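Have a look at the structure below, then the notes.
2 protein chains.
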Amino acid sequence: MAGRAEADNVAMRGGYSLATIGAKHVIDGASELVMDALDAMELAKGKGAFLITDMGTADAGTSLDMMGTAMARVRKAAPGRGIFLIYTDQAGNDYNAIVANVLAESSPLPKIDELYVSMSPIGFYRQIVPAGELDFGFSATAMHWMNGKPCNIPDHVHMTGATGKAREMFTEQGRRDWETILLHRARELKPGGRLVFCNFGIDEEGRYLGNTGGISMFDTFAALWQRFVDEGTITAAEFEEMTLPQYYNTVDEFRAPLEDTSSPVHKAGLRLEHIETRVVKCPFREDFLKHGDAAKFAPAYVPTLRSWTESTFRGALVPGRGAEAAQAITDAYYQAYVDIVCESPEGHAMDYVHSYMTISKQ
Amino acid sequence: MAGRAEADNVAMRGGYSLATIGAKHVIDGASELVMDALDAMELAKGKGAFLITDMGTADAGTSLDMMGTAMARVRKAAPGRGIFLIYTDQAGNDYNAIVANVLAESSPLPKIDELYVSMSPIGFYRQIVPAGELDFGFSATAMHWMNGKPCNIPDHVHMTGATGKAREMFTEQGRRDWETILLHRARELKPGGRLVFCNFGIDEEGRYLGNTGGISMFDTFAALWQRFVDEGTITAAEFEEMTLPQYYNTVDEFRAPLEDTSSPVHKAGLRLEHIETRVVKCPFREDFLKHGDAAKFAPAYVPTLRSWTESTFRGALVPGRGAEAAQAITDAYYQAYVDIVCESPEGHAMDYVHSYMTISKQ
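Residue numbers (our numbering), protein chains in the order written: chain Y, 1 to 362; chain P, 363 to 724.
Structure representation (structure tokens):
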């Protein structure tokens, strides 16, 4: 899942850099919610192994510290129960990278008694474990990736800039995707089980990733891509095809299926215990505020945007162009973004905006 | 695990070739034992999910058909229970290859309701799942790989050719490794659970892999490697370092910890329900018997031997030689084996010799 994969490429090289620290901050910031949820579960009274999933984990690197702390809590609270931790992501994920991280010398997991790690290639749009076996589910910065793209957005690259029919179609599928995620979790969870999610979304003030009061990152993406059409570099069809398969729920949209008593999610027993939005500052922007050098900021900042958008931009170009020409267009595109930031760095920042939720199963 | 990895490199390219069909025959031949073991377990009476492990699975390709049949049996016998299938191998295995195989269009697993697949990087020398959670464990052609190398064999490359102190050390560690494997499984298994293993071993007539009445494959390996010493291509130290970390148990050795009432394995409740040895014919040899062309047989046959021995031969050469020189020596070594088979093909065959076992937990 790109939000975390971006960070994880770096985590694999050992240690945390600017590119990974933002995603890690989001998860570390969820630690208290996770601990509270675990404490509420009366772990010692549970029977059999304690089963936990980390959904959309990428290479498991950014959640490793939080997960070590959480698993140590379970270990202490329920000394008699084995712990079964399952990392899951989509089928195309790199599972060998998860193994390298969770078994690394620096990993906290091998030091926890009776903790058993496993990996599932199922992702969160299907059921991951047998019904009624799950104690706790965690996910961070992953569930904004939709279960396929509902349509192309004719005049933007992201649903936050979509209007009319396209916006309606994204909203409708966003609703169904969130319901699908929750219904599978409802089936997996034991009664009394908990979920803690940190999901990209739109907060009460209308803020979202890369749009927290300064320049909108997604508007910049779209304007630059439109410039490439105007200059004849790409076609109008290629502009349209570049549509990120992402949906950012508002707080009300996250709440709806959990609070509407007629929803199948509510009927399945899921209840929202807590929801809050948080902004985690862009570490590149923070760094720039210290050094003030735009020529240093711009080429450091743009690759983190590139890491989770490039495959969609590349995929929008018609195959007939050939790999070399497509690469040249893509390179020019991100270079143009660097140039914009370099010339006028004010307001550029990829601040993270998440809804943090705790959900229980009755 | 090399015995199956050899096959699986080919399985990944789609379909079964000669290189994979032998390993697949071994597992398909275990199907009846697996079905009998499942039938003996009164599956419908069990509670919670049915948990099964495939240990030392490599890319899961060679067991896929058998596993599909077995899981369909569980599905039918216990319609109310979810099935949780966990593939495991050592940390360095390619887990992405497992995902590709189990989720492939041709895989039987996605067609089985309420079957959930996962992967563990733990291998069989440690506990894979929490205590008391396992219903059924399977392993084929994997447990001959030792938990490290006890010593170098001064005058051979494999324990079947070792004598004196080296043989004693291999035998002692082989005993401990088998006990370790079984004790972890005893802890994992529910009472009434079963294990079915097809392990490389030495049969009642003294036969083992590549030594079933014709020319001994391991003696050929050793004699050729000695020739490289005599010709000055490698050093005596490099000869010694080439020691395969494998142990082939005799039938009595497989039996011992399961039948000796003073053994911790017996005390932990594991009981041997069935053991038999089988020889599965070398598919390359079978093919040669049809076409009779040694020049075709030799270069087809030797790569299958190379696939699971090359890393150990390469690893025995001192790093100071450099990668290119080491590659040249390795290439020359397997070419020499091809030349031998080509000149005198009679008796060359990598027939598989396994002990097939069913073990229960009281």
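Built from N, CA and C at the ideal position, the CB exists for glycine as well.
All of these numbers come straight from a predicted model, not from anything done at the bench.
{"Check": "Please report the distance separating the alpha-carbon of Arg617/P from that of Phe601/P.", "Outcome": "34 Å"}
{"Check": "Pick helix, strand or coil for Asn611/P, following the three-state DSSP scheme.", "Outcome": "strand"}
{"Check": "Quick one: what's Glu276/Y bridged to in DSSP?", "Outcome": "Tyr356/Y"}
{"Check": "Please go through the region 169-202 of chain Y and give each complete beta strand (DSSP E) segment of 3 or more residues, from N-terminal end onward.", "Outcome": "189-202"}
{"Check": "Quick one: what's got a C-beta closer than 7 Å to Pro619/P's C-beta in the same chain, skipping five residues either side?", "Outcome": "Trp540, Glu541, Leu544, Ser625, Val627, His628"}
{"Check": "Work out the CA separation of Ile153/Y and Ala166/Y for me, nearest whole Å.", "Outcome": "6 Å"}
{"Check": "Taking the C-alpha atoms as reference points, what is the distance between Gly192/Y and Gly132/Y?", "Outcome": "11 Å"}
{"Check": "Taking all protein chains shown into account, decide if Ser120/Y is buried (16 or more other Cβ within 10 angstroms of its Cβ) or exposed.", "Outcome": "buried"}
{"Check": "Return the first residue and the last residue of the alpha helix (DSSP H) that Gly430/P is part of.", "Outcome": "426-439"}
{"Check": "Quick check: the region 497-514 of chain P against the region 603-614 of chain P, are at least 3 beta-carbon pairs closer than 8 Å?", "Outcome": "yes"}
{"Check": "Provide the residue span of the beta strand (DSSP E) that contains Phe136/Y, from first to last.", "Outcome": "134-140"}
{"Check": "Start and end of the beta strand (DSSP E) containing Thr671/P?", "Outcome": "Run containing Thr671/P: none in the beta strand (DSSP E); it sits in the alpha helix (DSSP H), 656-678."}
{"Check": "Alpha helix (DSSP H) containing Thr582/P: first to last residue?", "Outcome": "579-592"}
{"Check": "Name the two residues that bound the continuous alpha helix (DSSP H) containing Phe650/P.", "Outcome": "645-653"}
{"Check": "By Cβ distance, which residues of its chain are closer than 6 Å to Gly365/P, with the 5 residues on each side in sequence left out?", "Outcome": "Confidence at Gly365/P is low in this model, with a pLDDT of 47, below 50, so its placement is unreliable and no value can be given for it."}
{"Check": "At a CB distance below 8 Å, what residues from the region 79-91 of chain Y approach chain P? Give them in sequence order.", "Outcome": "Arg81, Gly82, Ile83, Phe84, Ile86, Ala91"}
{"Check": "With distance defined between alpha-carbon atoms, name the residue in Lys190/Y, Val157/Y, Arg278/Y nearest to Glu204/Y.", "Outcome": "Arg278/Y"}
{"Check": "DSSP on Gly347/Y, reduced to helix/strand/coil?", "Outcome": "coil"}
{"Check": "To which residues of the same chain is Leu272/Y closer than 7 Å at the C-beta, ignoring the five residues directly before and after it?", "Outcome": "Arg255, Leu258, Glu259, Met357, Ile359"}
{"Check": "If you draw a straight line from the C-alpha of Arg375/P to the C-alpha of Leu667/P, how long is it?", "Outcome": "Low per-residue confidence applies at Arg375/P: pLDDT is 36, beneath 50, and the placement is therefore not dependable, though the value from the model is reported in the following sentence. C-alpha separation (whole angstroms): 19 Å."}
{"Check": "Buried or exposed for Gln362/Y, going by 16 or more other Cβ atoms inside 10 Å?", "Outcome": "exposed"}
{"Check": "Rank Phe284/Y, His291/Y, Thr235/Y, Phe313/Y by C-alpha distance to the C-alpha of Phe218/Y and give the top, closest one.", "Outcome": "Phe313/Y"}
{"Check": "Which residues in the same chain as Tyr487/P place their Cβ atom closer than 8 Å to its Cβ, once the five residues preceding and following it in sequence are excluded?", "Outcome": "Asn509, Asp539, Thr542, Ile543, His546"}
{"Check": "Please classify Ala211/Y: does DSSP put it in a helix, a strand, or coil?", "Outcome": "Sequence check: residue 211/Y is Asn here, not Ala. Of the three classes helix, strand and coil, the one that applies to Asn211/Y here is strand, per DSSP."}
{"Check": "With distances taken Cα to Cα, identify the nearest neighbour of His710/P among Phe583/P, Ser480/P, Leu447/P.", "Outcome": "Phe583/P"}
{"Check": "Is it buried or exposed for Lys24/Y, if we count other Cβ within 10 angstroms and need 16 for buried?", "Outcome": "buried"}
{"Check": "Return the residue from the list Asp655/P, Met429/P, Ala459/P, Ser425/P that minimises the CA-CA distance to Glu708/P.", "Outcome": "Asp655/P"}
{"Check": "Which residue marks the beginning of the beta strand (DSSP E) containing Leu447/P, and which one marks its end?", "Outcome": "445-450"}
{"Check": "Considering Ser263/Y, what are the terminal residues of the beta strand (DSSP E) in which it resides?", "Outcome": "No beta strand (DSSP E) contains Ser263/Y, which DSSP labels as neither H nor E."}
{"Check": "Please identify, using Cβ separations under 8 Å, the residues of the region 465-485 of chain P that lie next to chain Y, in order along the chain.", "Outcome": "Leu465, Glu476, Tyr478, Val479, Ser480, Met481, Ser482, Pro483, Ile484"}
{"Check": "Could you run through the region 496-513 of chain P and flag, in chain order, every residue whose CB is less than 7 Å away from some CB of chain Y?", "Outcome": "none"}
{"Check": "Please work out which residues of its chain come closer than 6 Å, Cβ to Cβ, to Cys513/P, disregarding the five sequence neighbours upstream and downstream, and give them in chain order.", "Outcome": "Ala528, Met531"}
{"Check": "Just checking my contact of Thr612/P with Gly563/P at CB under 8 Å: how many whole Å lie between their CB atoms?", "Outcome": "7 Å"}
{"Check": "Which value, in whole angstroms, describes the spacing of the CA atoms of Pro55/Y and Met159/Y?", "Outcome": "The displayed chain sequence assigns Met, not Pro, to residue 55/Y. Those two C-alpha atoms are separated by around 23 Å."}
{"Check": "Please go through the region 460-515 of chain P and give each complete beta strand (DSSP E) segment of 3 or more residues, from N-terminal end onward.", "Outcome": "477-482, 496-502"}
{"Check": "For a cutoff of 7 Å on Cβ pairs, would you count Val491/P as touching chain Y?", "Outcome": "yes"}
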